[in-house]
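What follows is one structure encoded as structure tokens, with my remarks underneath.
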Amino acid sequence: MTANKKKKANQNPENKFQFELNSCSKSKDFRGAISLYDDAVSNKTRLNQHHLNALLYLCSNAVTNPSLKQLALDYGFRIFNHMSSLNITPNEATVATVARLAAANGDGDRAFELVKDIGKYNVAPRLRTYDPALFCFCEFLDADKAYEVEEHMNSVEVSLEEAEIAALLNVSAKKGRADRVYRYLHKLRSGVRCVGESTAAIIEEWFQSSEAREVGEGDLDARRVREGVLRNGGGWHGLGWVGKGDWLVSRTSVDGDGICCGCGEQLVCVDIDDEEMEKFSLSIAALAVEREVKANFSEFQGWLEKHDSYEAIVDGANIGLYQQNFADGGFSINQLDNVVKELYNRNGKKWPLVILHNKRVRGLMENPSSRILVEEWMKNGVLYTTPNGSNDDWYWLYAAIKLRCLLVTNDEMRDHIFELIGSNFFNQWKERHQAHYTFVKGNLKLQMPPSYSLVIQESEKGSWHVPLALGTSTSNESSRPWICITRKSADDDVATVSNGVDTSGNGDLDQPQKLADNVRNLDSQVIDSNSTSITGKRKERSEPS
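Residue numbers (the UniProt record's numbering): 1 to 545.
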């Protein structure tokens with residue numbers, strides 16, 4: 001006998017069953033697997049959780065084959081009941097698989113009961129555990145039960161993804177639940193940003209329906225809508241449908257300046273809202289205090305409260321060390337000075353704030369030419385030096401968030417300290433506030449935040465713009481399709497231009513929130529050394545020498 005045959009002959013029944021079950025799993029041999037299972041039951045082979053889960057998984061796959069569906073359902077529920085009789089505790093994978101079987105049998109209630117009872121097994125549900133019940137209810141247009149599943153997911157902090165939101169959006173649209181359609185559009189806006197083709201089709205079908213024609217308020221207060229847009233960081237107000245009548249739905253594109261080629265509306269670069277911004281700054285401060293000397297960071301927080309007029313924060317070390325990895329390279333104070341003066345000139349003669357470590361400043365002060373420049377910065381309130389033992393990353397990040405202003409750095413904030421933030425709106429904040437830079441033959445070029453965000457946008461007029469995800473074959477932004485959704489009477493319903501730009505003469509409407517308008521109104525994406533101001537209204541400081 002060969003070595004493999006001897007090994008197979010010496011296998012005990014459990015090992016032999018495991019070996020043959022693995023072969024069935026690899027080849028997706030459902031009939032072979034249930035034959036093995038029947039033999040194992042007849043021979044009283046000892047089965048464990050792994051064996052039974054593998055069998056259940058093969059059953060859940062087989063239900064997609066019409067000729068095998070009923071057999072797969074019968075065996076699946078039988079195996080699950082057998083597991084209970086053997087006092088084998090199911091895990092999350094078990095529950096998810098049996099829930100899929102229940103949903104395939106059209107029994108969303110059983111699928112939902114399984115996930116609701118998962119706590120008795122001391123395991124936590126996941127998104128895939130809920131999916132069978134949710135999709136089953138949505139498929140059968142049982143909207144209320146689908147909403148109940150969503151509420152249960154929220155209670156255990158399981159987040160919806162695009163497929164789940166799209167299913168809820170679809171059932172809401174089919175049942176004429178306009179309030180829910182509005183809600184799920186905003187869930188797509190906040191959680192998905194660019195939608196897939198199937199989701200786009202659901203959105204288009206809703207806006208072209210007779211139910212959509214009837215929704216909306218024709219006399220929604222313009223001031224209230226505008227303040228909602230400002231409060232939320234631009235790009236949406238969240239107050240409900242605006243206007244009445246037919247929607248005009250078309251596929252179009254958006255130009256490099258953020259102008260919709262379909263309706264001519266200006267899209268915006270969307271910020272995080274007031275509540276998120278406050279939570280964000282508090283979380284950064286809490287993490288910094290944990291990792292820095294508390295007195296030092298608290299002193300910086302107090303100082304920043306008294307000096308809150310800056311419109312740009314500069315990561316001094318990142319700029320000074322840029323492209324300095326050569327033999328005579330070091331800290332380039334000239335590069336940093338170029339950035340400081342560029343921001344000063346573009347920002348209506350307002351100085352930025354440079355964050356630089358104390359050790360680095362002491363080194364610069366030892367050089368006579370650098371010393372003159374550092375003393376000038378100190379005189380003009382440009383420089384904040386972080387103390388020994390500190391990580392200056394916490395300081396410049398906190399300042400940029402707290403003051404809601406521009407942050408100039410090429411640091412993509414991907415290392416471990418930024419992973420601690422764990423915020424799903426961190427990337428959105430970076431998109432809105434981070435400016436990159438480069439030096440080409442010694443000449444500075446600033447790459448400002450984009451003029452618009454790739455995210456679903458709801459304007460003050462009630463129109464919608466929905467970006468679609470690009471295919472893997474292209475990364476050309478100009479080829480990205482957008483859905484443009486407007487109403488014929490939109491201009492009459494709210495007498496303002498969309499997304500925070502007021503042309504009605506009501507300039508006082510800009511006052512409710514301080515939203516760093518200097519960044520919002522930046523139209524150009526690449527700024528080189530002879531363009532115009534980046535704006536702002538701040539206290540004058542002396543000009544650079």
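We put the beta carbon where it would ideally sit given N, CA and C, even for glycine.
Exercise. Do Gln335 and Tyr344 come within 9 Å of each other at the CB atom, strictly closer than that value?
Worked result: As a position in the sequence shown, residue 344 is number 344, starting the count at 1. As a position in the sequence shown, residue 335 is number 335, starting the count at 1. Cβ distance not < 9 Å, so Tyr344 and Gln335 don't count as in contact.
Problem set entry | Same chain, Cβ closer than 6 Å to Gln434, neighbours up to 5 away in sequence not counted | Position 434 of the sequence shown, counted from the start, is the residue given in the question as residue 434. Around Gln434: Leu407.
For this session: Indicate whether the contact test is met: 3 or more Cβ pairs, each with one atom in the stretch 82-101 and one in the stretch 115-122, closer than 8 Å.
Result: yes
For this session: For Leu244, count neighbouring C-beta atoms within 10 Å of its own C-beta (all shown protein chains included) and say buried if the count is 16 or more, exposed if not.
Result: Along the sequence shown, read from residue 1 onward, the residue named residue 244 stands at position 244. Note that residue 244 is Lys in the sequence shown, not Leu. Counting Cβ neighbours within 10 Å, Lys244 comes out buried, since at least 16 surround it.
Exercise. Does the separation of the CB atoms of Gly235 and Gly216 fall below 9 Å?
Worked result: Here residue 235 refers to the residue found at position 235 of the sequence shown. Here residue 216 refers to the residue found at position 216 of the sequence shown. Going by C-beta atoms, Gly235 is not nearer than 9 Å to Gly216.
Exercise. Alpha carbon to alpha carbon, how far is Val149 from Glu157?
Worked result: Residue numbering aside, residue 149 sits at position 149 when the sequence shown is read from its first letter. Residue numbering aside, residue 157 sits at position 157 when the sequence shown is read from its first letter. Rounded to the nearest angstrom, the two C-alpha atoms are 12 Å apart.
For this session: Tell whether a beta-carbon distance below 9 Å holds between Trp482 and Ser190.
Result: Here residue 482 refers to the residue found at position 482 when the sequence shown is read from its first residue. Here residue 190 refers to the residue found at position 190 when the sequence shown is read from its first residue. Taking 9 Å as the Cβ cut-off, Trp482 and Ser190 do not qualify as a contacting pair.
Exercise. Which whole-angstrom value is the C-beta distance of Asn225 and Val242, which I expect to be below 8 Å?
Worked result: The count along the sequence shown starts at 1 and reaches residue 225 at position 225. The count along the sequence shown starts at 1 and reaches residue 242 at position 242. Looking at the sequence itself, residue 225 is Val, so the reference to Asn does not match. Indeed, because the Cβ distance is near 7 Å, the residues count as touching under 8 Å.
For this session: Please report how far the alpha carbon of Leu383 lies from the alpha carbon of Ala163, in whole angstroms.
Result: Translated into the one-based positions of the sequence shown, residue 383 becomes position 383. Translated into the one-based positions of the sequence shown, residue 163 becomes position 163. Cα to Cα, Leu383 sits roughly 49 Å from Ala163.
Exercise. Under a three-way DSSP split, which group does Ile355 fall into?
Worked result: By one-based count along the sequence shown, residue 355 stands at place 355. Correct three-state label for Ile355: strand.
For this session: Please determine if the stretch 256-276 and the stretch 457-471 are in contact, where contact requires at least 3 C-beta pairs separated by less than 8 Å.
Result: yes
Exercise. Can you check whether the CB of Leu134 is closer than 9 Å to the CB of Ala143?
Worked result: By one-based count along the sequence shown, residue 143 stands at place 143. By one-based count along the sequence shown, residue 134 stands at place 134. No.
For this session: May I have the straight-line CA-CA distance separating Pro13 from Asn43, to the nearest angstrom?
Result: Taking the sequence shown and counting its residues from 1, one reaches residue 13 at position 13. Taking the sequence shown and counting its residues from 1, one reaches residue 43 at position 43. Approximately 9 Å, taken between the alpha carbons.
For this session: Express the C-alpha separation of Arg231 and Asp274 in angstroms, rounding to a whole number.
Result: For the purposes of this step, residue 274 is taken as the residue at position 274 of the sequence shown. For the purposes of this step, residue 231 is taken as the residue at position 231 of the sequence shown. Cα-Cα distance, rounded: 6 Å.
Problem set entry | In DSSP terms, what Asp273 is bridged to | Taking the sequence shown and counting its residues from 1, the one referred to as residue 273 is at position 273. Answer is none; Asp273 lacks a bridge partner.
For this session: Just the C-alpha distance for Pro450 and Glu431, rounded to the nearest angstrom, thanks.
Result: In the sequence shown, residue 450 corresponds to position 450, counting from 1. In the sequence shown, residue 431 corresponds to position 431, counting from 1. So the two alpha carbons sit approximately 7 Å from each other.
Exercise. When you compare only the Cα positions, how much space is there between Val361 and Asn325?
Worked result: Within the sequence shown, residue 361 is the residue found at index 361, counting from 1. Within the sequence shown, residue 325 is the residue found at index 325, counting from 1. Rounded to whole angstroms, Val361 to Asn325 spans 20 Å at the Cα level.
Exercise. Relative to the alpha-carbon of Asn61, which residue among Leu373, Asn338, Val41, Cys24 has its alpha-carbon at the smallest distance?
Worked result: In the sequence shown, the residue the question calls residue 61 occupies position 61. It is Cys24 whose Cα lies nearest to the Cα of Asn61.
Exercise. For Tyr75 versus Leu55, is the C-beta spacing smaller than 9 Å?
Worked result: Indexing the sequence shown from 1 puts residue 75 at position 75. Indexing the sequence shown from 1 puts residue 55 at position 55. The answer is yes: Cβ separation under 9 Å.
For this session: Compute the Euclidean distance between the alpha carbons of Ala178 and Ile485, then round it to the nearest angstrom.
Result: Residue numbering aside, residue 178 sits at position 178 when the sequence shown is read from its first letter. Residue numbering aside, residue 485 sits at position 485 when the sequence shown is read from its first letter. For Ala178 and Ile485, the distance between alpha carbons rounds to 16 Å.
Problem set entry | Arg414, DSSP secondary structure in three states | Taking the sequence shown and counting its residues from 1, the one referred to as residue 414 is at position 414. Coil, per DSSP.
For this session: On the DSSP bridge assignment, give the partners of Ser250 in chain order.
Result: By 1-based counting over the sequence shown, the position of residue 250 is 250. Beta-bridge pairing links Ser250 to Cys484.
Exercise. Does the distance from the C-beta atom of Ile319 to that of Thr409 stay below 9 Å?
Worked result: For the purposes of this step, residue 319 is taken as residue 319 along the sequence shown, with counting starting at 1. For the purposes of this step, residue 409 is taken as residue 409 along the sequence shown, with counting starting at 1. Yes, these two residues count as a Cβ contact at 9 Å.
For this session: Indicate whether Trp247 and Gln208 have their beta-carbon atoms separated by less than 9 Å.
Result: Here residue 247 refers to the residue found at position 247 of the sequence shown. Here residue 208 refers to the residue found at position 208 of the sequence shown. Yes, the Cβ-Cβ distance between Trp247 and Gln208 is below 9 Å.
Exercise. Ordered along the chain, which non-local residues of its own chain (more than five positions away) have a Cβ less than 6 Å from that of Ala72?
Worked result: Translated into the one-based positions of the sequence shown, residue 72 becomes position 72. Contacts found: Cys59, Ala62, Val63.
Exercise. Starting from Ile333 and walking both ways along the alpha helix (DSSP H), at which residues does that stretch end?
Worked result: Sequence index remark: in the sequence shown, residue 333 carries index 333 (1-based). From DSSP, the alpha helix (DSSP H) with Ile333 extends over 333-346.
Exercise. His152 to Leu188, Cα distance in whole Å?
Worked result: Mapped onto the sequence shown, residue 152 falls at position 152. Mapped onto the sequence shown, residue 188 falls at position 188. In a straight line, the C-alpha of His152 is about 19 Å away from that of Leu188.
Problem set entry | Best match in Ile272, Asn358, Ala469, Glu477 for proximity to Glu197 [C-alpha to C-alpha] | Position 197 of the sequence shown, counted from the start, is the residue given in the question as residue 197. When only C-alpha atoms are compared, the closest one is Ala469.
For this session: Express the C-alpha separation of Phe140 and Cys261 in angstroms, rounding to a whole number.
Result: As a first step, residue 261 must be located in the sequence shown, where it is residue number 261. As a first step, residue 140 must be located in the sequence shown, where it is residue number 140. For Cys261 and Phe140, the distance between alpha carbons rounds to 38 Å.
Exercise. Are His436 and Leu444 touching if we call contact CB-CB under 9 Å?
Worked result: Residue 436 sits at position 436 when you count from the first residue of the sequence shown. Residue 444 sits at position 444 when you count from the first residue of the sequence shown. No, the pair does not count as a contact, with Cβ atoms beyond the cut-off.
Problem set entry | Nearest residue (CA-CA) to Leu403, options Cys138, Gly108, Val115, Glu278 | Looking up residue 403 in the sequence shown gives position 403. Nearest C-alpha to Leu403: Glu278.
Exercise. At what residues does the alpha helix (DSSP H) containing Lys379 begin and finish?
Worked result: Counting from one through the sequence shown, the residue named residue 379 turns up at place 379. Looking at the DSSP string, the run of the alpha helix (DSSP H) that includes Lys379 is 368-379.
Problem set entry | Rounded separation between Arg251 and Leu160 - CA only | In the sequence shown, the residue the question calls residue 251 occupies position 251. In the sequence shown, the residue the question calls residue 160 occupies position 160. The alpha-carbon atoms of Arg251 and Leu160 are separated by roughly 26 Å.
For this session: Compute the distance between the beta-carbons of Pro467 and Val195, then report whether it is under 9 Å.
Result: Here residue 467 is taken as the residue at index 467 of the sequence shown, counted from 1. Here residue 195 is taken as the residue at index 195 of the sequence shown, counted from 1. Yes, they are a contact pair.
Problem set entry | Simplified DSSP assignment, three categories, for Ser504 | Start at 1 with the first residue of the sequence shown, and residue 504 comes out as number 504. Any reading at Ser504 must be qualified, since the residue scores a pLDDT of 34, below 50, and its modelled position is unreliable; no value is offered.
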